[in-house]
Amino acid sequence: MVDGYQPRYLNQVVAVNTILDALQVVTELLAIESSLGRVREEKNASRTLDLDLLLHGDIVLEASGVTVPHPRLHERAFVLVPLAEIAADVVHPILDRTISDLADESDRSGISGIA
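Read in our numbering, the sequence shown has 1081 at position 95, and its numbers run on one by one without any break.
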């Protein structure tokens, strides 16, 4: 993990409909990151762009370096809060809890909205 100052950043969550499977989606996300100048250096280092597949319907998958749902989704308020805004009633396929419930129980310290 990288210690020290990192610039502020914006987290956003989007929902999309796709015919792609989870592995194909991750491949596309990595290609988008690369095309926009993302260079993978140290783990948790500051980055220009970070695209993650959080959920893929009710799919549970661990293959080829891809884990769905995202393995730390339920621990990250910075993901849960915006995800709850667009998918509050979606049920986490492993924890069997709604995104809204997980967001309500998350530690929101350090998170601020956009003015």
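Glycine included, each C-beta is placed from N, C-alpha and C at the ideal position.
Helix, strand or coil for residue i per DSSP?
i       : result
Ala1049 : strand
Thr1084 : strand
Glu1091 : coil
Val1011 : helix
Val1065 : helix
Met987  : In this predicted model, Met987 has a pLDDT of only 44, less than 50, meaning its place in the structure is not dependable enough to derive any value.
Ile1097 : coil
His1060 : helix
Considering only C-alpha positions, which residue in the set the options is nearest to residue i?
i       : options                               : result
Ser1092 : Ala1063, Asp1082 and Arg1083          : Ala1063
Thr1034 : Gly1051, Val1046 and Leu1016          : Leu1016
Ile1006 : Leu1039, Arg1094, Ala1073 and Leu1069 : Residue identity differs from the one stated: residue 1006 is Leu in this sequence, not Ile. Answer by Cα proximity: Leu1039.
Gly1023 : Asp1036, Val1011 and Thr1013          : Asp1036
Glu1071 : Glu1061, Val999 and Ser1021           : Val999
Ser1086 : Glu1019, His1060 and Ser1095          : His1060
Ala1001 : Ser1020, Gly1099, Val1011 and Ile1097 : Val1011
Leu1088 : Val1065, Gly1099, Ser1095 and Ile1097 : Val1065
Gly1043 : Ile1018, Ile1097 and Val1076          : Val1076
Asp1090 : Ala1074, Ser1098 and Glu1048          : Ala1074
From the DSSP secondary-structure annotation, give me the bridge partner or partners of residue i.
i       : result
Gly1077 : The sequence given here has Val at residue 1077, not Gly. Val1077 pairs with Thr1084.
Val1054 : Leu1047
Quiz prompt | Cβ contact check for the segment 1040-1058 and the segment 1077-1085: 3 or more pairs under 8 Å | solution = yes
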